[in-house]
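Following UniProt numbering, the numbering of the sequence shown begins with 1 at its first residue and continues without gaps.
The C-beta atom is built at its ideal place from N, Cα and C for all residues, glycine as well.
Remember, predicted model here, so these are calculated numbers, not experimental data.
For reference, the structure discussed in these notes is given below.
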Amino acid sequence: MKLNFKKSGTGEPLIILHGLFGSADNWFSIAKELENDFTLYLVDQRNHGDSPHSDEWNYEVMVEDLRELMDEEGLSEAYLMGHSMGGKTAMNFAVTYPDRVEKLIVADIAPRYYPVHHQTILEGLNSINLSETYSRKDADDQLAKYIPYPGIRQFLLKSLGRDRNGFYWKINLPVITENIEEVGKALEEDTVYSGPTLFLAGANSNYIQQSDLPDILAHFPNYEIEFIEGAGHWLHAEKPEAVVREIRRFLI
Numbered sequence: 001m002k003l004n005f006k007k008s009g010t011g012e013p014l015i016i017l018h019g020l021f022g023s024a025d026n027w028f029s030i031a032k033e034l035e036n037d038f039t040l041y042l043v044d045q046r047n048h049g050d051s052p053h054s055d056e057w058n059y060e061v062m063v064e065d066l067r068e069l070m071d072e073e074g075l076s077e078a079y080l081m082g083h084s085m086g087g088k089t090a091m092n093f094a095v096t097y098p099d100r101v102e103k104l105i106v107a108d109i110a111p112r113y114y115p116v117h118h119q120t121i122l123e124g125l126n127s128i129n130l131s132e133t134y135s136r137k138d139a140d141d142q143l144a145k146y147i148p149y150p151g152i153r154q155f156l157l158k159s160l161g162r163d164r165n166g167f168y169w170k171i172n173l174p175v176i177t178e179n180i181e182e183v184g185k186a187l188e189e190d191t192v193y194s195g196p197t198l199f200l201a202g203a204n205s206n207y208i209q210q211s212d213l214p215d216i217l218a219h220f221p222n223y224e225i226e227f228i229e230g231a232g233h234w235l236h237a238e239k240p241e242a243v244v245r246e247i248r249r250f251l252i
């Protein structure tokens, strides 16, 4: 699948993958801080952002999407970073094509299995009647019945597009809803990427725990981990300066 991406900057290539319900735009402010150091590729994964929709949605096909992008861009290898779902894609890519990943950064996700925990978000998104939505405020009011936090609603509603026919979802909401179990799948056993790997964890997040470290070591024996103080799961939005600092420290 030919993915949509935004390319900017100069230097060694750094590919960044967003998380579930997100898009390349989520990393725009981080990329702006890194453009003097790297050639940035901010990628919309399939069924997200401006990339195509498909009924097939799992890490195997998302890995191949990324390989195709690198092939078309003439990238034999690159620095690779992913957040949450994007981190799982990045980890799967690294263990599948280790020679194509110079260094790996995984933001607030571990290799283990995660049970489905997005039911309320999916119920809220599916509850929005787009045919009766005439403004973003209409959509926000409907979503507020399920999600009381304005920041989370604002993030989710970035996936709401609008054209002359009205509002539409940029994300492939039906396929994501039907296949949500795919997001939490663990890496296959005995898969290893031996290259330098940095795990960035939000200190206030429960996505990476001390109990995950043996599993991380088994898959990524050359890893280090940094906990970003004051950050939760969306560490790049909550503590962007710290995230940029760690990216530079690790890659340069």
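Reference residue i, options the options, closest by Cα
i, options, result
"His18", "Val61, His117, Lys7, Trp234", "Trp234"
"Asp163", "Tyr134, Glu77, Glu181, Arg249", "Tyr134"
"Asp99", "Tyr113, Met70, Glu123", "Met70"
"Gly49", "Trp27, Ile152, Phe227, Ala144", "Trp27"
"Ile208", "Tyr113, Tyr168, Ser54, Leu130", "Tyr113"
"Leu156", "Ser23, Asp55, Thr10", "Ser23"
"Lys170", "Tyr97, Gln154, His53", "His53"
"His219", "Glu181, Glu12, Phe93, Glu73", "Phe93"
"Ser159", "Glu181, Arg136, Ile180, Asn179", "Arg136"
"Thr10", "Glu35, Ile30, Asn179, Met1", "Glu35"
"Ile180", "Ser76, Glu33, Phe21", "Phe21"
"Glu73", "Asp37, Ser194, Pro115, Phe5", "Phe5"
Same chain, Cβ closer than 8 Å to residue i, neighbours up to 5 away in sequence not counted
i, result
"Gln45", "Leu3, Leu17, His18, Ser51, Met62, Asp65, Met85, Gly86, Thr89"
"Asp55", "Val175"
Beta carbon of residue i nearer than 9 Å to that of residue j
i, j, result
"Val175", "Val95", "no"
"Thr177", "Ile147", "no"
"His83", "Val183", "no"
"residue 253", "Ala78", "Residue numbering for the chain in the displayed model covers 1 to 252; residue 253 lies beyond these limits and cannot be assessed."
"Leu251", "Ile225", "no"
"Met81", "Ile105", "yes"
"Pro240", "Asn222", "no"
"Gly166", "Asn204", "no"
Endpoints, the beta strand (DSSP E) within which residue i is located
i, result
"Thr39", "38-43"
"Gly230", "It is not in any beta strand (DSSP E) - Gly230 carries neither H nor E in the DSSP assignment."
"Leu198", "197-202"
Opening and closing residue of the alpha helix (DSSP H) in which residue i lies
i, result
"Glu178", "173-178"
"Gly124", "119-127"
"Arg246", "In the sequence under discussion, the amino acid at residue 246 is Glu, which differs from the Arg named in the question. Taken as a continuous stretch (DSSP letters only), the alpha helix (DSSP H) holding Glu246 covers 240-251."
"Gln141", "A small fix is needed here, since residue 141 is Asp in this sequence, not Gln. Looking at the DSSP string, the run of the alpha helix (DSSP H) that includes Asp141 is 136-144."
"Leu213", "213-219"
Same chain, Cβ closer than 6 Å to residue i, neighbours up to 5 away in sequence not counted
i, result
"Tyr168", "Gly161"
"Ile128", "Ala139, Gln142"
Every unbroken beta strand (DSSP E) within the segment 9-86, with a cutoff of 3 residues, ordered by chain
Counting whole runs of 3 or more residues, the segment 9-86 contains the beta strand (DSSP E) stretches 12-17, 38-43, 78-83.
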